[in-house]
Amino acid sequence: EGKFQIAGIVDKSELIETDVFGYPVIGTDSDLNSLVKIHTHAIVTVGQIKLPDTRIKLFNLAMKAGFILPTIISPRAYVSEYANIGDGSVIMHNALVNANAKVGRNCIINTNALIEHDSNIADHCHIATNTVVNGNVSVGQGSFIGSGSITKEGIAIGENSFIKARSIVK
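Positions 1 to 170 (my numbering) are the ones given, in order, by the sequence shown.
Here is the structure:
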């Protein structure tokens, strides 16, 4: 919907005054308390491979500094009006989140991922490309489900689980 424009990126100090994908690097993590006085919203743009620790750290730093972490939904994604998406989560192109599904805070629902009805994706999870989370599935906090994986309906996946690409989870 074009509600936000990228003002800049927070990165490593050696990258200040450079550009990343055409966006200026405007500070480091230690600048968040001053940046929040100028920019009220932030989003964590670091991906998650294997461990969610970096995403969790950055999410918590931004929250502590007072940023609003909006939900970002691609205009090419579908999210049911009956689904619930937590703060700071990103729903990518062609992802589908069905009725009564819940996606926690600071999650990535990546390109072409499907979150079926009544599923619960806890905080800080990454559901990778072309993954199918079938109905009534619970995914524990900090988990990663690799590209092309499929879960059986009604199962529970524990916290901080790492499921490799193309897995069938029963």
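From the three backbone atoms N, C-alpha and C, an ideal C-beta is built for every residue, glycine too.
Shown here, Lys57 sits in a helix according to DSSP, grouped into three states.
His93 is a Cβ neighbour of Ser74, given a cutoff of 7 Å.
Distances from the alpha-carbon of Met63 to those of Gln48, Lys50, Ile43 put Ile43 closest. When beta bridges are read from the DSSP output, Ile68 appears opposite His41. Counting of Cβ neighbours within 10 angstroms places Gln141 among the buried residues, the total reaching 16 or more. By the 16-neighbour rule on beta-carbons within 10 angstroms, Ile115 is buried. The bridge partners DSSP lists for Thr151 are Val133, Val169. In terms of Cα proximity to Tyr23, the closest of Val97, Ile6, Ala65, Gly154 is Ile6. Residue burial annotation: Phe21 is exposed, with fewer than 16 other C-beta atoms found within 10 angstroms of its C-beta.
Within its own chain, the residues whose Cβ lies closer than 6 Å to the Cβ of Tyr82, once the five positions on either side in sequence are excluded, are Ala99, Asn100, listed in chain order. Counted as a single uninterrupted DSSP element, the alpha helix (DSSP H) harbouring Asn33 occupies residues 32 to 35. Distances from the CA of Ser30 to each of Leu61, Glu17, Asp118 were compared; the closest alpha carbon is that of Leu61. Approximately 6 Å separates the beta-carbon atoms of Ser147 and Asn130; this is inside 8 Å, confirming the contact. Judged by their CB atoms, Ala95 and Ala122 are not nearer to each other than the 7 Å cut-off.
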